Amino acid sequence: MASYARPVERLITELSKLPSIGPKSAQRIAFHVVRGKPDDARALAEALREVKERIHPCKRCFNLTEAEECDICTDPRRDPSVICAVEDPYDIGPIERTGEYRGLYHVLGGALSPLDGVEPEDLRIAELVERVGREETKEIVVATNPNTTGEATALFIAQELQDRPVRVTALASGLPVGGDLEYADEVTLGRAFAGRREI
Amino acid sequence: MSAYLRALRLVNFRNYVDATVLLAPGLNVVVGANAQGKTNLLEAISFAATGSTPRTPNDPEIILWGADFTRAEMRVSMNGDEERKIAVGYAPGQKKRLTIDGVPASSLAAYAAGGAGVRVVTFFPDDLRVVKGAPSDRREFLDSLLASLKPTYARAAAEYARAVQQRNQLLRRIRDGLSSEKTLSTWDRKVVDLGTEVLRGRTAAIGPLGSLFEDAVSALYGPEKAALGYGYSAPLDGYAEALREARGVDVERGTTSVGPHRDDFAVLFGGVSMTTYGSQGQQRLATLALKFAAREYLRGETGQDPILLFDDVMSELDEERRGYLTEYFLASTQAVISTTNLEYFDPEVIERTPIVRISGGSVL
Chain A
1 MASYARPVER LITELSKLPS IGPKSAQRIA FHVVRGKPDD ARALAEALRE VKERIHPCKR
61 CFNLTEAEEC DICTDPRRDP SVICAVEDPY DIGPIERTGE YRGLYHVLGG ALSPLDGVEP
121 EDLRIAELVE RVGREETKEI VVATNPNTTG EATALFIAQE LQDRPVRVTA LASGLPVGGD
181 LEYADEVTLG RAFAGRREI
Chain B
200 MSAYLRALRL VNFRNYVDAT VLLAPGLNVV VGANAQGKTN LLEAISFAAT GSTPRTPNDP
260 EIILWGADFT RAEMRVSMNG DEERKIAVGY APGQKKRLTI DGVPASSLAA YAAGGAGVRV
320 VTFFPDDLRV VKGAPSDRRE FLDSLLASLK PTYARAAAEY ARAVQQRNQL LRRIRDGLSS
380 EKTLSTWDRK VVDLGTEVLR GRTAAIGPLG SLFEDAVSAL YGPEKAALGY GYSAPLDGYA
440 EALREARGVD VERGTTSVGP HRDDFAVLFG GVSMTTYGSQ GQQRLATLAL KFAAREYLRG
500 ETGQDPILLF DDVMSELDEE RRGYLTEYFL ASTQAVISTT NLEYFDPEVI ERTPIVRISG
560 GSVL
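Protein sequence lines correspond, in order, to chains A and B. Heads up: the first sequence at position 138 corresponds to 138 in my numbering, and the numbers run straight through without jumps. For my numbering, add 199 to where a residue sits in the second sequence, where the first one is 1.
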């Protein structure tokens with residue numbers, strides 16, 4: 001593929017390192033940048049540089065922030081006695097949009113997976129346990145992904161906290177609201193059945 | 200009333216470029232010389248009905264040599280006059296396109312578990328391995344039967360396999376000093392939770408399946424006390440303890456030694472294992488009886504008669520059993536049976552049976 005000028009090749013190579021961008025998409029984006037206005041390219045470069053220079057994990061919850069602690073940790077209206085543990089910073093957005101949750105967060109940085117060599121030490125589980133002792137937390141809501149690795153991570157966290165005076169809960173899994181039963185996929189519906197409750 | 204197939208169209212499937220076959224309820228006979236595409240035709244029906252093929256785990260194999268995709272469509276008669284069109288399209292590297300009356304199916308698992316409205320029971324000569332082969336062949340038979348009934352079973356089995364893989368990797372890491380034992384009990388619990396779901400499914404099925412098997416054997420083989428005996432590597436009610444006890448050995452070997460992925464079931468005639476001691480003929484009859492039991496089990500569970508797709512089943516049977524099978528197929532909702540030789544059937548039956556003639560990947 002070494003048929004383009006060197007800087008173009010370099011841009012294509014860098015772009016194709018990004019997730020879900022294959023060689024063809026990388027080429028398309030690179031030529032879009034080449035054809036585009038210089039200001040747009042500069043703004044993109046500046047945004048990339050800024051995000052790496054100014055964004056770092058929150059000291060307390062490991063969410064992404066510009067300051068020492070993130071906006072959620074420093075918000076006095078939030079309930080500090082509840083912590084919701086999530087795998088990644090981008091899991092916080094959907095939970096925030098529900099408007100249901102007023103507690104704090106803890107970003108684990110992934111899920112346990114021996115196949116990928118991910119051990120408890122690679123996640124911020126020790127930091128979570130330490131936080132529970134320091135902050136007098138009453139409840140941990142484990143909101144890891146509903147798959148094998150996410151569920152194993154939730155079990156491990158519950159196990160690590162079993163001797164502490166803290167309640168450990170997990171999100172219920174069930175049906176999407178506003179849809180028809182007819183269109184629910186069988187696995188989700190099956191789980192919703194297993195977790196049915198009295199009314 | 201159960202569903203049956205009215206028409207099948209194949210594009211780029213194995214040795215078929217583009218072929219259409221019309222089918223009738225009851226017995227249909229597919230006839231042709233060897234290597235003309237009889238087996239491929241039955242496989243294609245199974246592919247269209249379930250979204251996957253029982254003959255190979257390697258999907259690209261089913262595409263016509265030189266083509267880049269394949270498609271199988273069927274018109275299915277549902278409960279009398281209602282008709283439905285189901286189709287499966289496949290190109291390597293892409294998700295399968297499964298549609299029911301043009302609407303995409305929610306998932307492959309749901310489509311395979313009767314979502315398309317038809318279930319099939321297949322018999323290919325290679326299925327002899329269910330009786331003759333390794334424990335994994337028998338587990339696969341049981342798992343695919345249960346998955347064709349419940350997508351939740353298919354999910355539990357797939358998730359269980361993933362959890363065991365994770366645990367095995369952890370065991371090896373512990374052995375090699377790369378991991379501590381700290382998370383092992385977490386993975387044990389995950390493995391036990393999912394494995395219990397699998398074991399419950401199998402345990403509930405094996406009893407009824409065993410008595411249906413016994414009935415099928417006495418009809419096919421004579422009054423022989425036949426049975427299926429499930430062998431648990433860990434008992435359902437002591438599974439967690441068994442896994443914990445195996446820990447030392449498991450770490451040493453780097454693999455999980457107990458659980459449903461290590462279980463087997465014995466196929467017994469008069470208490471004797473057909474896997475170890477059966478003659479070729481007995482093994483063949485036992486395989487057939489298992490397929491008959493699977494059909495009756497599906498019928499009992501769903502109230503619908505599955506479609507029978509039996510490949511070259513007559514050639515190695517004696518006349519009396521061929522007669523029995525012919526009656527069995529005639530009494531089914533639909534059976535598509537391939538043969539090299541129409542003389543295996545009673546001429547009177549052949550006279551009133553739709554015959555599909557196959558030659559060189561074409562329907563004549």
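In this text, a Cβ means the ideal position worked out from N, Cα and C, and glycines have one as well. Just so it is clear, the structure is predicted and the values come from calculations on it, not from any experiment.
Asked: Note down the Cα distance separating A:V107 from B:G394, rounded to an integer number of angstroms.; Found: 30 Å
Asked: Over what stretch of residues does the beta strand (DSSP E) that includes B:R296 continue unbroken?; Found: 296-299
Asked: At which residues does the alpha helix (DSSP H) containing B:K284 begin and terminate?; Found: Run containing B:K284: none in the alpha helix (DSSP H); it sits in the beta strand (DSSP E), 281-289.
Asked: What does the Cβ neighbour count give for A:Y90, buried or exposed, with the cut at 16 atoms within 10 Å?; Found: exposed
Asked: Please classify B:S335 as buried or exposed, where buried requires at least 16 neighbouring CB atoms within 10 angstroms.; Found: exposed
Asked: So with CB distances below 7 Å, who are the chain B contacts of A:T148?; Found: E358, R361, A362, Q365, K389
Asked: Please confirm if the segment 285-301 of chain B is in contact with the segment 438-452 of chain B, defined as three or more CB-CB distances below 8 Å between the two stretches.; Found: no
Asked: Verify the CB distance criterion: does A:D163 have a CB-CB separation below 8 Å to chain B?; Found: no
Asked: Can you name the residues that DSSP bridges to A:H56?; Found: A:T65
Asked: So B:V548 and B:V220 are in contact, right, with Cβ under 8 Å, and what is the actual spacing, rounded?; Found: Their Cβ separation, rounded to whole angstroms, is 20 Å, which puts B:V548 and B:V220 out of contact at 8 Å.
Asked: Comparing C-alpha positions only, which one of B:A493, B:L507, B:E260 sits nearest to B:L345?; Found: B:A493
Asked: Does the beta carbon of B:S369 come closer than 8 Å to any beta carbon on chain A?; Found: What sits at residue 369 of chain B in the sequence shown is Leu, not Ser. So, interface residue.
Asked: Using beta-carbon positions only, say whether B:Y523 and B:L419 come within less than 8 Å of one another.; Found: yes
Asked: Check whether chain B comes within 8 Å of A:V132, counting only Cβ atoms and requiring the distance to be less than that.; Found: no
Asked: Determine the chain B residues that contact A:D180 at a beta-carbon separation under 9 Å, and present them in chain order.; Found: Chain B residues near A:D180: none, gap ~13 Å exceeds 9 Å.
Asked: Would you say B:T501 reaches chain A, if we count a Cβ-Cβ gap shorter than 8 Å as a contact?; Found: no
Asked: Would you kindly work out how many angstroms separate the C-alpha atoms of A:E205 and A:S81, rounded to a whole number?; Found: Residue 205 of chain A is absent from the model: chain A starts at 1 and stops at 199.
Asked: So if DSSP puts B:T538 in a beta bridge, which residue, or which two residues, is it bridged to?; Found: B:V230
Asked: Hey, out of B:P505, B:F544, B:Q533, B:A426, whose CA is closest to B:T486's CA?; Found: B:A426
Asked: Run through DSSP, which three-state label would B:M473 get?; Found: helix
Asked: Could you have a look at B:V319 and say whether DSSP puts it in helix, strand or coil?; Found: strand
Asked: Determine the burial state of B:N367: buried for a count of at least 16 other Cβ atoms within 10 Å of its Cβ, exposed for fewer.; Found: buried
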